[in-house]
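Asks: So the sequence shown is numbered by our numbering: it starts at 375 and just counts up by one.
The beta-carbon is built from N, C-alpha and C at its ideal position, and this holds for glycine as well.
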Amino acid sequence: MSSIDTLKQAFCEGLGVEASDVDWDNLAYRGIPEWDSVAHMAVIAEIEDAFDIMIETDDVIGMSTFPIAVEIVAKYGVEFS
Numbered sequence: 375m376s377s378i379d380t381l382k383q384a385f386c387e388g389l390g391v392e393a394s395d396v397d398w399d400n401l402a403y404r405g406i407p408e409w410d411s412v413a414h415m416a417v418i419a420e421i422e423d424a425f426d427i428m429i430e431t432d433d434v435i436g437m438s439t440f441p442i443a444v445e446i447v448a449k450y451g452v453e454f455s
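#1: Who are the near neighbours of residue 387 in its chain, counting only those whose CB is closer than 7 Å to its CB and skipping five residues on each side?
#2: To the nearest angstrom, how far is it from the Cα of residue 397 to the Cα of residue 452?
#3: So, are the CB atoms of residue 401 and residue 440 less than 8 Å apart?
#4: Quick check on residue 382: buried or exposed, where buried means 16 or more other Cβ atoms within 10 Å of its Cβ?
#5: Spatial neighbours of residue 408 within its chain, please: CB distance less than 8 Å, with the 5 preceding and 5 following residues excluded, ordered by chain position.
Quick look at the structure:
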């Protein structure tokens with residue numbers, strides 16, 4: 375599985391949504407009912423588990439869209455092509 379697919383899967387698990395139902399380019403915190411503060415922490419946990427990383431607090435707070443999540447996760451050495 376590619377890194378982008380792994381990240382999408384982490385979001386799907388954390389938010390409880392199907393990948394085919396998500397507009398990944400526009401997915402944003404509170405942009406869909408499923409992405410609330412509790413689900414945000416679930417997404418973070420899923421990402422940390424999927425990539426074996428520990429996301430810093432500032433990055434947890436800053437992860438407000440899926441495209442930003444890609445940038446943040448890349449900071450931890452994950453390559454996206």
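Replies: With the given structure in hand:
#1: By one-based count along the sequence shown, residue 387 stands at place 13. Excluding residues up to 5 positions away in sequence, 420 lie with their Cβ nearer than 7 Å to the Cβ of residue 387 in the same chain.
#2: Position 23 of the sequence shown, counting from 1, holds the residue named residue 397. Position 78 of the sequence shown, counting from 1, holds the residue named residue 452. When rounded, the distance between both Cα atoms is 22 Å.
#3: Within the sequence shown, residue 401 is the residue found at index 27, counting from 1. Within the sequence shown, residue 440 is the residue found at index 66, counting from 1. Contact flag set, yes.
#4: Numbered from 1 along the sequence shown, position 8 holds the residue referred to as residue 382. Residue 382 is buried by the Cβ-count criterion.
#5: For the purposes of this step, residue 408 is taken as the residue at position 34 of the sequence shown. The answer, listed in chain order, is 389, 390, 391.
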